[in-house]
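Numbering (the numbering used here), first residue to last: 34 to 193.
Idealized CB from N, CA, C, for every residue including glycine.
Here the structure is a predicted model, which is why all the values come from computation and not from measurement.
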């Protein structure tokens with residue numbers, strides 16, 4: 034049942050993105066002089082997928098320059114303006130992109146369709162088990178569950 038809900042969410046998100054890609058500048062979605070949809074992605078994998086899906090129907094740009102580290106990235110004023118003026122903002126979400134969540138919630142972005150991709154695809158769980166086996170037969174067990182935010186590494190997620 035949980036898988037069906039996630040699949041429905043992914044299909045809904047994909048349909049939304051595709052329908053926005055099909056819109057013309059007369060629909061009010063495009064801020065570009067070219068009449069194309071403006072999409073900004075934080076990192077390369079969603080940028081590349083959006084580029085392949087939208088083709089020539091959109092102007093797609095990537096926010097983080099090659100070699101940048103997303104874990105300590107801070108958007109510049111120019112980045113914030115670009116996000117505010119785009120039609121669709123694609124970001125992974127999760128712990129590594131908390132800055133994007135804050136930006137979307139605090140910036141003047143009511144006309145931007147923000148797509149938090151981690152909400153639409155199944156994530157892998159990284160289970161970290163720590164076992165402390167002392168010789169006095171006390172057993173401390175600590176289990177931490179972390180989410181692998183590298184959702185693009187799964188071919189199944191890319192198909193969605």
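Review point. Could you check where the beta strand (DSSP E) with residue 92 kicks off and where it finishes?
Key: 91-95
Point to revise | alpha helix (DSSP H) runs wholly inside the region 84-158, at least 4 long, in chain order | key: 110-117, 131-139
Exercise for review: Taking the CB atoms as reference points, tell me whether residue 123 and residue 148 lie closer together than 7 Å.
Suggested key: yes
Practice item. Please name the residue, chosen from 127, 141, 88, 126, that lies closest to residue 116 on a Cα-to-Cα basis. Key: 141
Check your understanding: So is residue 110 buried or exposed if we call it buried at 16+ other beta carbons inside 10 Å?
Key -> exposed
**Study point:** Contact under 7 Å by Cβ, residue 72 with residue 137
**Key:** no
Point to revise | Span separating the alpha-carbon of residue 87 from that of residue 150 | key: 17 Å
Practice item. Leaving aside the five residues before and after residue 130 along the sequence, list all residues of the same chain whose C-beta is less than 7 Å from its C-beta, in chain order. Key: 75, 103, 124
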